[in-house]
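Report on the following structure.
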Amino acid sequence: MDNKFKFIDNPSEQISNIKDYLFRILANWKWFVATIAIAFAIAYYVNISTQKIYGLSTTIAVNEKQNPLFSSGTNIAFNWGGVSDRVESIRKALTSRSHNEKVINRLNFYIEYIKDGRFRREDAYGKTPFTVKLQPNQYQLLNTLVKINFIDNNRFELSVDFNENTAYKLINYKDESFKGFEENKKPYSKVFLIDEYINLPFLKAQIELVNDVKDLKGQSFYFQLRTIDQAAGQYRNVRANGLTGTSLIELSLTGPNKNRIVDYLNETVIVLAEHELDEKTNYARSTKEFIDAQFRNTSDSLKSIEDNIGKFKQENSIYQLSAEGGEIYSQTVSLDKMQEQLGDRIVYFNNLENYIKTHTDFTNIPAPAIINIEDGSISGMVGKLTELSIKKEKLSKEVTSNHPSLIAVNQEVETTRNVLLENLSSLRNETKITLNNSRNRLNTYNNELDKLPKKEQKLLNYQRKYSLTESNYVFLMQKRYEADIAIAASVSDISVLDTAKDTGQGSILPRMQFNYMIALLLGTIFPLFVIIAKEVLDTRVHTTEDIEKISPIPILGVVGNNGSDSNLAVFTKPKSGVAESFRALRSNIQFLFSRSTKDKCKTIIVTSSVSGEGKTFVSINMSTVFALGGKKTILVGLDLRKPKIFDDFEISKEIGVVNYLIGEENIDAIIQKTKVPNLDVITAGPVPPNPSELLIGSAIEELINSLKDNYDYIILDTPPIGLVSDAVELLKYADSTLYIVRQNYSQKGMLKMINEKYNKEEISNISIVLNDFTMKLRYGGYGNGYGYGYGYGKYANGYGGEEAPKSLLKKIFKRKKDS
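Per my numbering, the very first residue in the sequence shown carries number 1; after that it's consecutive.
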């Protein structure tokens, strides 16, 4: 025997199977409609109930801008303003915690404004008719809702629902200190006036109205205070993305309140620009502070020296120097100035060298403030070393210590440091030589000074000191002026290209169209998956096509669903669809008998796979339909284990086949008349302990042979063939065998045994009857129920049976037509 799979070679048959499968799926269209409707309802609820999230952005440019009022030769004290952060550093700064805390403090975002919404309490920032002004340096209630209920435009009720079992905290925003609130924790409520100072143990603030306030009566809002850390945590989703190939940064933020997003994005750029400008002018500010201090001291010294000169002249009656004294004065004054400058340079060189040797961080390196250094290499290397140190510090926060870029910067810092130290040593030695030469020249003039009169010597010394102090005073005035201009003229490296603005943008979440598309998809896939899974996992028989696919046994006919309580469907409702289906069976069964048995008594065995498939119901009605057709018929109940044929005929079950088989009664004693004309019944009788042995004995053969002499049809109601072997032994007496299969009940695998016997030709003249059939679209759009000439389907109404109930829609159309 060939066990290989047999594939379908006929394309039309494949198409037919596909069409049949599609019909089965489309027959469940109500499930698709229901699930899609439910899915859309869920999607609609999700769309209206989900917190709406908006996304806004602002674009800034990062360009290093030098002070246009200074050239490369200007004193480094004012032209150098630090290195502007590049795009990556700015990105890090925008998303840093410290920067966000500055913005939150600037905007008072630690105060949350809330109102009741349809599904939740919503952020009402920018939508409230009032603002909360906290008193500075006071302790305020933390993380607790405070309700504001407006009585009218001048009064409001402030209430707090305190809970005695909850621990409350107060916060002072000046130093971010906390303390517990242990006073009366009962619910609090009090009426205040607008702008009235609220002086409570847990709150010290004022409620101020915004402009253009309309009628506030009955409006209610809430506010609560958060810590700076809590407020900053809500802005961790700030995104600063550098645009590839440009120095532009797009700063974006998402949240449920567009007003809050707009204010935050615009303010964060302002804070950043201010910070960058402060960093650029920080050196100039520090220099100006130093110059201001030196200027005040020099001014005081100059005034003191001027007073002393005037007093000396008046007391000694000497008002001007001689010609020789004037010459000495002019020479010594220039030398004094040169020595002071050279001495200041040497002191700076020593301080700078000491700083470089004792420090590894050169971001705060002492740059020349009021020192005129002729060698520009020192100024250039100081600026370069500072720049490299800042770059190193930023890289160390972003990469590991063994990163190639950081290693390269470290090497460059070390090289610049060594070169600077060498130049400092060389320049300092040169400056010392120049200073010594100046001192030698000054000593020569000092010897000439000793030859002058004592009063003139003293006056000359006073004037030398005054001239030196005056030159310092003028120099400091000039440098202070330059520092003021440097600070005022400095511009930030941050410029705004596109500010954040609410232009009516829709929410990015929930994605309504996407949700509806998903709802349609799931509403279609879910029932489809269930239907396919049900079809794949379904092992029950539903249609005649199912039987034809799994069994070679021919189908005799289809019996419809019995809508009545009685099994005597043919007798009680002879015009019903069920009765008509049994008449069709009666006609079809005639073709199963051979010509030799056509005019003789025919024995028909009714069996099934398991109990509950309607074998007894078919036996009773087949007997009835033969009897009503004028044939003398007897129904014999041979299901000795579960006898059922007695209630519907209203006869006794005390005496039956068992009594005959064990020899207690004769045939006449066990035959009982029924209310159906031409129909007699032999019940099973009492349940025996050995039913199988009784049915295989010779007595059963004698019984059947005796009945053949007196009846046209003998209907044997046997036990299920799939459970016990009794029915198998009885098949040899059958002229025809009806194998009952019940729709939506019988398992397909139960037909395996009967198929094997049929294929081995152990049984013949067997046919299948599909019982309890209900016509549904899901079982195909063709042939089922009547296409083979053995069903009844919708044509049952033509025989005068009960009309199938019409749908409400058909009834409405019929009424309109009739009217």
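The beta carbon of each residue, even a glycine, is placed where N, CA and C say it ideally should be.
In the assembly as shown, residue 140 is a buried residue. Its beta-carbon has 16 or more other beta-carbons within 10 Å.
Going by C-alpha positions, residue 406 is about 41 Å away from residue 508.
For residue 239, the uninterrupted beta strand (DSSP E) run begins and ends at 239-242, by DSSP.
Counting C-beta pairs with one atom in each stretch, the region 726-742 and the region 611-626 have three or more that are closer than 8 Å, which means they touch.
In this structure, residue 742 lies near residue 613, with their beta-carbon atoms less than 7 Å apart. Taking all protein chains in view, the Cβ of residue 503 is surrounded by fewer than 16 other Cβ atoms within 10 Å, so the residue is classified as exposed. Shown here for residue 395: same chain residues with a beta carbon closer than 7 Å to its own, the five before and five after excluded, namely 405, 406 and 409 in chain order. Residue 190 carries a strand assignment under DSSP once its states are collapsed to helix, strand and coil. Within the region 17-75, the beta strand (DSSP E) runs of at least 3 residues that lie entirely inside it are, in chain order, 54-62. For residue 160, there is no enclosing alpha helix (DSSP H); the enclosing beta strand (DSSP E) has its first and last residue at 155-160. Residue 481 holds the alpha-carbon nearest to the alpha-carbon of residue 291 among 149, 481 and 161. Across the structure, residue 705 and residue 734 are spaced so that their CA atoms are roughly 12 Å apart. Residue 655 sits close to residue 670, with the two beta carbons spaced by under 7 Å. Assigned with DSSP and collapsed to three states, residue 742 falls in strand.
Non-local beta-carbon contacts of residue 603 in its own chain, meaning distances under 6 Å to residues more than five positions away in sequence, involve 714, 733, 734 and 735 in chain order. Residue 747 is bridged by DSSP to 540. For residue 251, the three-state secondary structure derived from DSSP is strand.
Taking 7 Å as the cut-off, the Cβ atoms of residue 424 and residue 362 do not count as close.
With a 10 Å radius around the Cβ and a threshold of 16 neighbouring Cβ atoms, residue 99 comes out buried. With a 10 Å radius around the Cβ and a threshold of 16 neighbouring Cβ atoms, residue 542 comes out buried.
Straight-line measurement puts the Cα of residue 417 at about 48 Å from the Cα of residue 309. The beta carbon of residue 17 lies closer than 7 Å to none in the same chain, with the five residues before and after it left out. Exposure of residue 355 is indicated by the presence of fewer than 16 other C-beta atoms within 10 angstroms of its C-beta. Our two residues, residue 702 and residue 566, have alpha carbons roughly 33 Å apart in a direct line. With fewer than 16 other CB atoms across the displayed protein chains lying within 10 angstroms of its CB, residue 285 is exposed. Residue 592 holds the alpha-carbon nearest to the alpha-carbon of residue 605 among 592, 599 and 596.
Ranked by Cα distance from residue 699, the first of 674, 680 and 667 is 667.
In its chain, beyond the 5 residues on either side, 43, 46 and 47 have a beta carbon closer than 7 Å to the beta carbon of residue 515. Here residue 640 is near residue 688, since their CB atoms are less than 7 Å apart. Between the region 227-240 and the region 251-263, the count of Cβ pairs shorter than 8 Å is three or higher; the stretches touch. Contact check between the region 129-143 and the region 255-265: fewer than three CB pairs, one atom from each, fall below 8 Å, which does not count as touching. For residue 465, the closest of 171, 305 and 760 by C-alpha to C-alpha distance is 305. Put simply, the region 473-480 does not touch the region 262-269. Fewer than three CB pairs are less than 8 Å apart. By the neighbour-count criterion, in which 16 or more other beta carbons inside 10 Å mark a residue as buried, residue 217 falls on the exposed side. Taking the CA atoms as reference points, residue 569 sits about 7 Å from residue 562. In the assembly as shown, residue 752 is an exposed residue. Its beta-carbon has fewer than 16 other beta-carbons within 10 Å.
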